Ligand SMILES: C[S@@+](CC[C@H](N)C(=O)[O-])C[C@H]1O[C@@H](n2cnc3c(N)ncnc32)[C@H](O)[C@@H]1O
């Protein structure tokens, strides 16, 4: 279960129960979601792990295999869910998601409209942001995708915060029942400009819309449409740069004389005088920092606009 009270992290609150979904963490880039089922086992390169050994342990625990290998059992937060979910579509990642939630001014209690649902990556974080009293109404015209998203929200304990509808939002717009009721609207659609007139009707005065588009031509058309009813129209591209920081012995494969690692720029930390006097510098170990090679580049443009009050 994901935390539905945003003031509490459920990893500190709860112990793992039979039937819980846990994120089995090997490394930051090797994780998977598993439903705990007493009697079942997980087998991986570290050995065999019995689920029955996991029950009653707090989230975050390190658990051992029959061979002494280990994994961590983490709570399925939206951040981790985004990394382990099944990709049925392109998805939003955490850098864009955090920016969206801040700039849409989403807080507990908000009513948010979203389309398309896709793989539900953004929806999961939106749901936690509006919990416990708000709600996300998310629409996708692809029936099977909507059904799978619904199943996922059920599995991760979010179904009370999210309703998934099947609807062509570019063709029909959002349902009339939400007219003037939405605090924010989020669009991740191929032709968002077709849905903007409807989004405009759905928003409360001063409500904010965000549209995510991979191509600048989509942004241009959306901004043209936004001009008639919206103000404060701004487009951003969020580029995240992760760093790998580790101590490394120079001259053993990883580092070059000039302080670079491979072809990537790299900074070397200077040793302090006490480290020099205790001989640490002589061991030719340095703390190296370099941008991670797996850093994601362009994902898309985020266009925000505020509904003009008359
Ligand atoms: C890129 S995915 C959205 C990914 C989502 N933001 C996430 O983070 O997982 C775009 C979705 O929009 C849906 N879609 C495309 N055209 C649509 C339309 N006219 N009405 C509703 N959904 C539509 C597609 O079926 C697809 O699932």
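In this note's numbering, the protein residues as written are 26 to 335. Positions of the beta carbon are idealized from the N, C-alpha and C atoms, including for glycine. Keep in mind the model is a prediction, meaning the values are calculated, not measured.
Contact test: residue 164 Cβ vs ligand 1 heavy atom, cutoff 7 Å
yes
Give me the residue from 246, 224, 234, 59 with the minimum Cα distance to residue 216.
246
Taking 7 Å as the cut-off, does the CB of residue 215 come closer than this to any heavy atom belonging to ligand 1?
yes
Taking 7 Å as the cut-off, is the C-beta of residue 260 nearer than that to any heavy atom in ligand 1?
no
According to the neighbour-count rule (16 or more other Cβ atoms, all chains shown, within 10 Å of its Cβ), is residue 76 buried or exposed?
buried
Closest by C-alpha distance to residue 335, when choosing among 244, 253, 261:
253
Please report the straight-line C-alpha distance between residue 17 and residue 224, rounded to a whole angstrom.
Outside the displayed range of the chain (26 to 335) lies residue 17, so it cannot be described from this structure.
In terms of residue numbering, what span does the alpha helix (DSSP H) encompassing residue 202 cover?
Unbroken run through residue 202: none, as it is neither H nor E.
Mind pulling the alpha helix (DSSP H) runs of 4 or more residues that sit fully within the stretch 136 to 180?
146 to 155, 168 to 180
May I ask you to report which of helix, strand or coil DSSP gives residue 54?
coil
By DSSP, does residue 235 sit in helix, in strand, or in coil?
strand
What is the DSSP secondary structure of residue 245, reduced to helix, strand or coil?
helix
Grab the span of the beta strand (DSSP E) containing residue 269 for me, first residue to last.
268 to 274
Beta-carbon gap between residue 133 and residue 101 smaller than 8 Å
no
Compare the beta carbon distance of residue 125 and residue 147 with 8 Å and say whether it is the shorter of the two.
yes
What residues are listed by DSSP as bridge partners for residue 98?
49, 86
Cα separation between residue 129 and residue 258?
12 Å
Within the same chain, show all residues whose beta-carbon is closer than 8 Å to that of residue 137, passing over the 5 residues directly before and after it, in chain order.
129, 131, 151, 155, 159, 160, 161, 162, 207, 208, 209, 210, 211
Please confirm whether any heavy atom of ligand 1 lies closer than 7 Å to the CB of residue 221.
no
For residue 177 and residue 312, I'd like the C-alpha separation in whole angstroms.
42 Å
Residues bridged to residue 59 [DSSP beta-bridge criterion]:
47
Any heavy atom of ligand 1 closer than 7 Å to the Cβ of residue 67?
no
Which same chain residues, not among the five before or five after residue 262, have their C-beta less than 6 Å away from its C-beta?
326
Nearest-angstrom Cα separation, counted from residue 309 out to residue 110:
42 Å
Where DSSP assigns a beta bridge to residue 312, which residues make up the other side?
272
Would you kindly work out how many angstroms separate the C-alpha atoms of residue 14 and residue 112, rounded to a whole number?
For the chain, the structure presents residues 26 to 335; residue 14 sits outside this window and is missing.
Less than 7 Å between the CB of residue 256 and some heavy atom of ligand 1, yes or no?
no
Given this structure, state the Cα-to-Cα distance separating residue 283 from residue 72, to the nearest angstrom.
Legend: pLDDT at residue 283 = 47, less than 50; position of this residue unreliable, value from coordinates given subsequently. So the two alpha carbons sit approximately 42 Å from each other.
The alpha helix (DSSP H) with residue 121 in it runs from where to where?
119 to 128
Going by Cα to Cα distance, which pick from 200, 328, 226 is closest to residue 243?
328
In angstroms with no decimal places, state the Cα-to-Cα distance between residue 204 and residue 271.
53 Å
Use the C-beta contact count for residue 41: other C-beta atoms within 10 angstroms, 16 or more gives buried, fewer gives exposed.
buried
Within its chain, find whatever has a CB closer than 6 Å to the CB of residue 277; leave out the 5 residues flanking it on each side and keep chain order.
Its pLDDT being 47, under 50, residue 277 is placed unreliably in this model, and the value from its coordinates should be taken loosely. Nothing meets the Cβ criterion.
Quick one: is the Cβ of residue 142 within less than 7 Å of any heavy atom of ligand 1?
yes
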